[in-house]
Each structure stands twice: as C-alpha cells, then as structure tokens.
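The working numbering puts the first residue of the sequence shown at 1404, with every later residue one more than the last. Backbone N, C-alpha and C fix where the C-beta goes; we use that ideal spot for every residue, glycine too.
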Amino acid sequence: MKPAVECLAEQLRAAGWLGRLSAQAPLAPYTTFRIGGAADLVVEATNSAELQQAWQLAHECEVACLVLGRGSNVLVSDRGVRGLVVLNRCIGWEISPSGTLTVASGMPLTEVAERTGAAGWAGLEWAVGIPGSVGGAIVGNAGAHGGYVGDVLTGITVLDHGQVRGLTRDELGLGYRTSMLKTMPNCNGRPIILEAAFGLRPEDARALRQRMSDLLQWRADRQPQQPSAGSVFKRTTQYPAGFLIEQAGLKGKRLGGAQVSPQHANFVVNTGDATASDVKALVEEIRETVAARFGLGLELEIELVGDW
Ligand SMILES: Cc1cc2nc3c(=O)[nH]c(=O)nc-3n(C[C@H](O)[C@H](O)[C@H](O)COP(=O)(O)OP(=O)(O)OC[C@H]3O[C@@H](n4cnc5c(N)ncnc54)[C@H](O)[C@@H]3O)c2cc1C
C-alpha cells in the first residue's frame, strides 16, 4: 500500500472507522453491473458527518476520494480504484406541510418515490424502479417516463473543497442526463452532495400507488434482469440509442461475458463472468458500428471510473 493510503487507513482507524474499513476491497458487489476491481480503501458513510469526515481525512492525507451511491450508473475498471471509495449510505427524509422534501443523498431514489407517494405527495413517482441513490440521480439528472430529477429539485447541500454550502437548482447546470457536477473531474474536485430539497405537490395516494405499480410492471416487462447499469448511451437528437444499435444488427452481440441485451439493445448486460474490459470493448464496438452505419456518434450515459 502507498504511504499516503497507509496514512489514511491509520487516520480512519483512529477516528473510529475500524470495523467499517476494508483494504483492497473488490467493488463489484457495490455496482449493479457486478463488475469492478478492488479499491485501496472502502468505507461506508451512514450520515452526513461521516461523509464529511471521510473526505476531510482523505484530503489531509492527499488521497483521492470517490463517492459511490448505488453504483448503478458506473463501470468500474478491472484494475479498481486508487484511493478511498466512500459508499454513501446516508439515509433520512422529511417533508414539510407545504411539500418541501428534504432528503439525505444516500437514500435509494425508488424508496423516496414510494414513501412520498404513499404519503400523498407527487413529483417523483416516475423514479420508481430506478436503482440509484438521490445523489447519483442528481449528478446524472436521472429521468424516466417524461419526468426528470431537475423538474422537482429545488436545491442541494454539498461539501465543496471542505466547505458545506448550498447550490440552487439553477446553479447545477442540469441537462439531459447531465449536470455541471457530472462534467467535473470525479475524485476530490467534484462537490459531494450531502442533502437535496425537492418541491412536491399533493395528489391522491391511491392514484400514485397505481401509477407506480404500472411503471414497475413496465420495467419488469421491458428491462433485462441480468446485471447492468441501465442504458449505456444517451439518446441522440433524432433517435433512441437502442433503436440505432438494433438497426445496426448488434442486438444479442456478445464479447467475452458482456452482451448487448437481446431484450433491450441499449442495455449491455453481464452474463455472469463479464469483465470491465469486456464491457468497454463491446461499448467501443457498438460506437464504431453505429458511427460507420449511420454517421451518428453515441455518447456514454454511464461513467467509467477507476484506473483504466
Ligand atoms: C436496471 C437499471 C435501470 C435504470 N433506469 C434508469 C432510468 O430509467 N433513468 C435514469 O436516468 N437512469 C437509470 N438507470 C441508471 C442509474 O440508476 C441512475 O443514473 C442513478 O440515478 C445513479 O445513481 P447511483 O447512486 O447508482 O450513482 P452511482 O452509479 O453510484 O454514481 C454515479 C456518479 O455519481 C457520483 N455520485 C454518486 N453519489 C454522489 C454524491 N452524493 N455526491 C457527488 N457525486 C455522487 C459518482 O461518483 C459517479 O460519478 C438505471 C440503471 C439500472 C441498473
């Protein structure tokens, strides 16, 4: 282990993280692809103070610090991640009588949708079934069925170079599956989302439950069940990426343990023993084939993280 990482491991132990600190821990179990090599150090933060402390200690030891939510929009390299990976498991939410939802960034988005819906608050019901955290969903401005995080988000609290500060929705530069956070270099330079505020509206809880149940059924009918990171590419201005991939004859195409899902062509699935290199090579082949066939460039929706 490098001296800086050793120093951080000691600092974390001294700060009481002992039982929750793993060295050389494989990241595959923390991603929905079930792929990824080891990180030098992994900790799990269960509240905002822990998230801040982990970042602060990494900063003091000059070790890179990467925050992962539910790992559902990333492809982690087979070589893993150098430095500290903080798994964001910060949970908690409350809603004011006027519909302002304040929620910890590690809350699973689908749980937030279900709980607020059950309490008769609308605005996030479209997100049911998205397997990410609130923080990850804001970074990528997640969306489905015509809804986007940015439609109801009003602001966030971030840890930015050691300072806790607020950012309004307008300061986030939200766009289709992106934000100014997503365009910043990951690890240390990018602010860490601690908490978010959403403006919800009252609606009949029974109607919301029915809508969410329909949306879950829609996903179950159309999306593959094997490990994946959801849609790999963003839609182009003219066509959905899956349509182009299918028209290029790539549906079902295999490379090592990775496969273009026979069910949904914009999903690359791990058929059991896929490596990150398999997925990356398949992704590159898809891009090249679609560009050669249609003259259109596909842009990644998932993020490649780690030591490539
Ligand atoms: C089966 C399946 C279906 C999906 N369906 C959809 C869909 O319908 N619509 C959609 O938009 N997406 C979908 N996704 C993709 C994914 O679930 C979302 O993008 C999700 O919001 C990502 O959240 P996460 O917590 O998993 O982020 P992660 O993958 O953990 O992280 C993504 C990026 O955000 C950063 N990050 C995470 N948390 C924080 C934080 N607190 N502060 C700062 N940076 C942070 C990470 O460092 C990383 O760079 C799907 C994925 C799967 C596997």
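Residue i: which of the options sits nearest, CA to CA?
i, options, result
"Val1466", "Gly1474, Thr1449 and Val1489", "Val1489"
"Ala1461", "Glu1497, Ala1407 and Thr1434", "Ala1407"
"Val1445", "Glu1463, Ile1438 and Gly1422", "Gly1422"
"Leu1430", "Cys1410, Gly1509, Ala1644 and Asp1481", "Asp1481"
"Val1732", "Ala1545, Ile1541 and Ile1596", "Beyond the ends of the chain as shown, which are 1404 and 1711, falls residue 1732; an answer cannot be given."
"Leu1690", "Asp1443, Leu1653, Gly1550 and Lys1585", "Correcting the residue type first, residue 1690 is Arg in the shown sequence and not Leu. Cα-wise, what sits closest to Arg1690 is Leu1653."
"Pro1511", "Ala1522, Gly1520 and Cys1493", "Cys1493"
"Ala1679", "Glu1706, Ala1547 and Gly1532", "Glu1706"
"Ser1425", "Thr1435, Thr1434 and Glu1413", "Glu1413"
"Pro1643", "Ala1608, Ala1684 and Glu1702", "Glu1702"
"Cys1611", "Val1484, Trp1524 and Arg1625", "It is worth fixing the name first, because residue 1611 is Leu in this sequence and not Cys. Answer by Cα proximity: Trp1524."
"Thr1692", "Arg1437, Lys1656 and Cys1468", "Lys1656"
"Leu1647", "Asp1681, Phe1697 and Ala1661", "Phe1697"
"Phe1601", "Leu1699, Lys1405, Val1506 and Ala1428", "Val1506"
From the DSSP secondary-structure annotation, give me the bridge partner or partners of residue i.
i, result
"Glu1704", "Beta-bridge pairing links Glu1704 to no other residue."
"Pro1511", "Ser1536"
"Pro1643", "Beta-bridge pairing links Pro1643 to no other residue."
"Gln1566", "Asp1563"
"Ser1425", "Val1445"
"Val1663", "Val1671"
"Thr1503", "Gly1602"
"Gly1550", "Ala1547"
Next item on the list: Enumerate, from N- to C-terminal direction, the unbroken beta strand (DSSP E) stretches of 3 or more residues contained entirely within the stretch 1465-1491.
Entry: 1468-1471, 1477-1479 and 1484-1491
Checklist line | At least three beta-carbon pairs within less than 8 Å, the stretch 1607-1623 to the stretch 1512-1530 | finding: yes
Check: Should the stretch 1636-1656 be called in touch with the stretch 1551-1558, which here means at least 3 C-beta pairs below 8 Å?
Finding: no
Note to self: Going residue by residue through the stretch 1576-1638, where are the continuous alpha helix (DSSP H) segments of at least 4 residues, counting only ones entirely within it?
What the structure shows: 1608-1625
Check: Does the count of Cβ pairs from the stretch 1665-1676 and the stretch 1621-1633 closer than 8 Å reach three?
Finding: yes
Check: So, do the stretch 1493-1512 and the stretch 1574-1585 have three or more beta carbon pairs nearer to each other than 8 Å?
Finding: Result no; under three Cβ-Cβ pairs closer than 8 Å.
Checklist line | Cβ pair count under 8 Å reaching 3, the stretch 1591-1607 against the stretch 1531-1548 | finding: In short, these stretches touch, since the Cβ pair count reaches three.
Notebook entry, point to check: Using 8 Å as the Cβ pair cut-off and three pairs as the minimum, do the stretch 1449-1461 and the stretch 1562-1569 touch?
Noted result: yes
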